[in-house]
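2 protein chains.
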Amino acid sequence: KKSFLIIGLGRFGINVARTLTKAGHSVLGVDNDEDIIQKFSFEIDNVMKLDATDSDVLDTLGVPEFEAVVISIGEKYIQNSILATLLVKEKGAKHIIAKAGTKVQGKVLEKVGADTVVFPEKDMGQRIGKALSSSTLIDYIELSKEVSIIELKVPQFMLGKNLIELNLRKKYAVTIISIKDKDGNIKTPPSVDYKFTEFDVLTLIGENEQLKKLHFIDF
Amino acid sequence: KKSFLIIGLGRFGINVARTLTKAGHSVLGVDNDEDIIQKFSFEIDNVMKLDATDSDVLDTLGVPEFEAVVISIGEKYIQNSILATLLVKEKGAKHIIAKAGTKVQGKVLEKVGADTVVFPEKDMGQRIGKALSSSTLIDYIELSKEVSIIELKVPQFMLGKNLIELNLRKKYAVTIISIKDKDGNIKTPPSVDYKFTEFDVLTLIGENEQLKKLHFIDF
Ligand SMILES: Nc1ncnc2c1ncn2[C@@H]1O[C@H](COP(=O)(O)OP(=O)(O)OP(=O)(O)O)[C@@H](O)[C@H]1O
Ligand SMILES: Nc1ncnc2c1ncn2[C@@H]1O[C@H](COP(=O)(O)OP(=O)(O)OP(=O)(O)O)[C@@H](O)[C@H]1O
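From first to last, the protein sequence lines stand for chains A and B. In terms of the working numbering, the first sequence has 168 at position 107, counting the first letter as 1, and numbering is strictly consecutive. In terms of the working numbering, the second sequence has 248 at position 187, counting the first letter as 1, and numbering is strictly consecutive.
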């Protein structure tokens, strides 16, 4: 059982807090908005109204004892987000995760001490943009700059064939991880003699260059 | 080349617009905030200041001609988000994606016509919460209620062994999709005689029940 400090209880922050609470960890959620504190006081075991840019107040929290500190103050209060990150870093936070809206804000947060910066709206915006851009792509997750996991509607050329005949792994180093049929049943790992059918949805992994060659993605 | 209508150019909306623009599609971005329109007028081919809750104005856009309409008005203007969705549905939008902050808002948006609802901050908050909750889990993506793809630090019991010896697929129906070594190089598919080493990061897929049995996840 670990303990976590969540600074800023917007949508992102409260969902980190809820998830950790559900997993049985101890959570201290802080926010300087009284209404927000009232709203979540029954849900999160410890909530406290405080201004996270107040160095003295932060001293009372025992920052180094938390497994991690999550700064989830949004762009509306960008200076608060930056100052709070700087302060908890100074006070010895073991691990800092900060939420940012723009790349620029993210760079500043890293400079002042954030170990990890997340971009919830930017990430989701890109995933949706990519899925909309292709008529077959459903979802797309970057594992690294070169490798992605994608979910897509079974391409025309695969219909009626099985993995042995298609030989995707040898030809393109693309691996089908799972197949979801039209009723939503997921088969993983897929069997090599299964013949692909219309309405199958595939989850597969491969290098972006190879995925482009196969027209699975176009970006 | 397709065309898309993005209503509301907050962080989520602008990133959908940018991603589609990069992929070569035609984008019309609308917002009723003049500053926002000015800010993005050079970046997105078509931007227009308008109130998306004004039915007559929406009539001038040719809503049914867009491949999809994305409603990315946030919780701050929740009634606008709901009314804009209702209106574009009435005007024959082919496909509507709407952003929501809470489950409740998401349900209402579905009722008034959204085909897909996304929760950027909630999703990311849960992913971060889950990664923080486990000392080995790095990332976690739900493919369905029963199946997840997870990224985790190589567990103790796998060190020095290879996939043939571990037999994870036969025993637990868990498939290792890729292995990232400490220099960030990704090997996919992993070779079956590779002996797992400290600092390896694994991406694997399996049923949540099995992942729990292996203590890969604890939720
Ligand atoms: N100095 C501060 N100390 C503590 N909490 C703060 C401070 N400044 C802002 N906050 C809180 O941070 C929370 C999140 O900020 P805001 O609502 O701007 O972010 P957001 O980007 O809309 O968040 P989300 O997208 O996660 O909903 C707010 O509840 C706000 O009260
Ligand atoms: N009736 C409307 N017509 C057009 N645009 C609108 C309307 N109401 C709100 N908007 C715009 O929607 C945009 C996004 O709304 P808001 O900033 O509340 O969302 P948000 O949740 O903070 O967004 P994000 O998290 O994506 O940054 C704003 O730029 C706002 O001007």
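Note that beta-carbon positions come from the ideal geometry of N, C-alpha and C, so glycine has one too.
- Contacts between residue 271/B and chain A, judged by CB atoms closer than 7 Å, are missing: the closest CB pair is about 11 Å apart.
- Pairing residue 74/B with residue 138/A, the inter-Cα distance amounts to about 20 Å.
- Secondary structure of residue 122/B (DSSP, three-state): coil.
- When DSSP reads this structure, residue 87/A sits in a beta bridge with 64/A.
- In this structure, the CA atom of residue 115/A is about 18 Å from the CA atom of residue 159/A.
- DSSP places residue 178/B inside the beta strand (DSSP E), whose first and last residues are 177 to 179.
- Taking the beta carbon of residue 260/A as reference, no residue of chain B falls within 8 Å; the closest one sits roughly 16 Å away.
- Residue-level contact by beta carbon holds for residue 181/B and chain A, with a gap shorter than 8 Å.
- Here residue 210/A is actually not in contact with residue 258/A; their C-beta atoms are around 22 Å apart, not less than 8 Å.
- Contact note: residue 187/A reaches chain B through 76, 80, using a C-beta cutoff of 7 Å and chain order.
- Contacts with chain A at 8 Å (Cβ-Cβ) do not include residue 66/B.
- Per DSSP, residue 134/A lies in no beta strand (DSSP E) and is assigned neither H nor E.
- Residues 260 of the same chain have their beta carbon placed closer than 6 Å to that of residue 243/B, with the five preceding and five following residues left out of the count.
- When the beta-carbon positions are compared, residue 199/A and residue 149/A stay at least 8 Å from each other.
- A direct Cα-to-Cα measurement between residue 122/A and residue 90/A gives close to 11 Å.
- Contact between residue 136/A and residue 162/A holds, since their C-beta atoms are separated by about 4 Å, short of 8 Å.
- Proximity of the beta carbon of residue 97/A to ligand 1 is indicated: a heavy atom of the ligand is located closer than 7 Å.
- Every beta strand (DSSP E) of 3 residues or more that sits fully in the region 201 to 230 of chain A is shown, in chain order, as 208 to 214.
- A contact between stretches requires three or more CB pairs, one per stretch, nearer than 8 Å, and the region 180 to 187 of chain A fails this requirement with the region 225 to 236 of chain A.
- In this structure, residue 237/A lies away from residue 216/A, with their beta-carbon atoms at least 8 Å apart.
- In the three-state reduction of the DSSP assignment, residue 241/A falls in the strand class, which pools E and B.
- Residues of chain B with a Cβ closer than 8 Å to the Cβ of residue 71/A are, in chain order, 182.
- Considering only 70/B, 175/B, 169/B, the residue with the shortest C-alpha distance to residue 112/B is 70/B.
- Residue side-chain check: residue 184/B keeps its Cβ at 7 Å or more from all non-hydrogen atoms of ligand 2.
- The DSSP-derived three-state label of residue 76/A is helix.
- Look at residue 268/B here: in three-state DSSP terms it is strand.
- Boundaries of the alpha helix (DSSP H) harbouring residue 168/A: 164 to 172, taken from the DSSP string.
- For residue 145/A, no beta strand (DSSP E) segment is defined; the enclosing uninterrupted segment is the alpha helix (DSSP H) at 139 to 151.
- Inclusion of residue 91/B in the 7 Å shell around ligand 2 follows from its C-beta lying nearer than that to a non-hydrogen atom of the ligand.
- A distance criterion of 7 Å places the beta-carbon of residue 143/A beyond contact range of ligand 1, judged by its closest non-hydrogen atom.
- DSSP places residue 110/B inside the beta strand (DSSP E), whose first and last residues are 107 to 110.
- Residue 279/A reaches chain B at 84, counting residues in chain order whose Cβ is nearer than 7 Å.
- In the DSSP assignment, residue 262/B forms a beta bridge with 214/B, 241/B.
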